[in-house]
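Sequential numbering of the sequence shown, starting at 2, is according to my numbering. For every residue, glycine included, the Cβ atom is placed at its ideal position computed from N, Cα and C.
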Amino acid sequence: MKSSEMSIGALAGRFGLAAHVLRHWESLGLLSPARDAAGRRRYTAADLTRVAVILRAKEAGLSLRTIGYLAPGTDPARRRDVLRDEADALRRRIAAAEASLDLIEGALGCDHDDITRCPNFRRLVAERVAAGADAPAAGADGPAAGADAPERRRAGRPRGQGGPRRQAP
Numbered sequence: 002m003k004s005s006e007m008s009i010g011a012l013a014g015r016f017g018l019a020a021h022v023l024r025h026w027e028s029l030g031l032l033s034p035a036r037d038a039a040g041r042r043r044y045t046a047a048d049l050t051r052v053a054v055i056l057r058a059k060e061a062g063l064s065l066r067t068i069g070y071l072a073p074g075t076d077p078a079r080r081r082d083v084l085r086d087e088a089d090a091l092r093r094r095i096a097a098a099e100a101s102l103d104l105i106e107g108a109l110g111c112d113h114d115d116i117t118r119c120p121n122f123r124r125l126v127a128e129r130v131a132a133g134a135d136a137p138a139a140g141a142d143g144p145a146a147g148a149d150a151p152e153r154r155r156a157g158r159p160r161g162q163g164g165p166r167r168q169a170p
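So this is what it looks like as C-alpha cells:
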C-alpha cells in the first residue's frame with residue numbers, strides 16, 4: 002500500500018464513521034475506491050475529499066440520492082434542477098421553522114398567566130384559523146401559520162430581541 006493510500010478502516014476512522022457506511026456509499030456509486038491485488042479497497046486523497054463533500058452535503062440536509070447529482074459527470078442542467086428543488090424545499094422548511102420560533106419567542110415574552118389571553122398569541126391563532134386548509138399541517142414542507150415577520154422584526158430588531166423576558170425565580 003502506498004503511503005498516500007488508506008484502508009477502509011483508516012478512512013472511516015478519520016471521519017468517525019463505521020466502515021459499512023463507506024461500503025454503502027460505494028454501492029450507491031458515491032465512492033469508487035481503487036483495489037489492490039488482493040481486492041482490498043484503497044482510498045486516496047481524492048476519496049478523502051469526496052467523503053468530506055458527502056458529509057458536508059448530508060449536514061446541509063441533502064439525501065444520498067441528491068448528493069449523487071453533485072458527482073462529476075452529472076449533467077449540469079440536471080444538477081441545477083435538482084439543487085434548485087432542494088433550495089426551494091429548504092426555504093419552505095426555514096419559513097416553517099421561523100414561524101415556529103416566532104410562536105415560541107412570543108410565548109416567552111408574554112406576561113399573561115394564560116397564554117391564550119396574549120394578544121400576539123391570539124393573532125397567530127386567528128391567522129391560522131383564517132388560513133384553514135390553505136395552511137400547511139405541522140411538519141409539512143411549507144411555512145406554518147404566522148410565517149409573516151413578527152412586529153418586533155418589522156421594527157428593525159433582530160430575532161431573539163423581541164422585548165423583555167421573564168426571569169426564572
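### Query
From what residue to what residue does the alpha helix (DSSP H) around residue 41 run?
Counted as a single uninterrupted DSSP element, the stretch harbouring residue 41 is not any alpha helix (DSSP H), since DSSP gives it neither H nor E.
### Query
Under the three-state reduction of DSSP, which class applies to residue 35: helix, strand or coil?
Shown here, residue 35 sits in a strand according to DSSP, grouped into three states.
### Query
In its own chain, which residues sit with a C-beta less than 7 angstroms from the C-beta of residue 69, not counting the 5 before and 5 after it?
Result list for residue 69: 29, 30 and 31, in chain order.
#### Entry: Residues of its chain near residue 6, where Cβ-Cβ distance is below 8 angstroms and the 5 sequence neighbours each way are ignored
Cβ within range, chain order: 35, 43, 44 and 45.
#### Entry: residue 100 to residue 9 span [Cα, whole Å]
The alpha-carbon atoms of residue 100 and residue 9 are separated by roughly 44 angstroms.
### Message
Please list the terminal residues of the continuous alpha helix (DSSP H) segment that includes residue 24.
### Response
In the DSSP assignment, residue 24 falls within the unbroken alpha helix (DSSP H) covering 20-28.
### Task
Determine the direct distance from the alpha carbon of residue 121 to that of residue 65, and round the result to whole angstroms.
Each residue's Cα considered, the two are about 41 angstroms apart.
### Query
Which residues bound the alpha helix (DSSP H) around residue 107?
Where residue 107 is concerned, the enclosing alpha helix (DSSP H) stretches over 77-109.
### Query
Would residue 130 be called buried (16 or more neighbouring beta carbons within 10 Å of its own) or exposed?
When all chains shown are included, residue 130 counts as exposed.
### Message
Taking the alpha carbon of residue 24 as the reference point, which residue from 39, 52 and 109 has its own alpha carbon closest?
### Response
Per the Cα distances, 52.
### Task
Starting from residue 124, trace the alpha helix (DSSP H) both ways and give me its first and last residue.
It spans 120-132 - the alpha helix (DSSP H) in which residue 124 sits, taken as one unbroken run.
### Query
When burial is assigned at 16 or more other CB atoms within 10 Å of the CB, is residue 200 buried or exposed?
The structure shown does not extend to residue 200, since the chain is modelled only from 2 through 170, so no value can be given for it.
### Contact under 8 angstroms by Cβ, residue 56 with residue 16
Contact: yes.
### Message
What does the alpha-carbon distance come out to for the pair residue 80 and residue 60?
### Response
C-alpha separation (whole angstroms): 19 angstroms.
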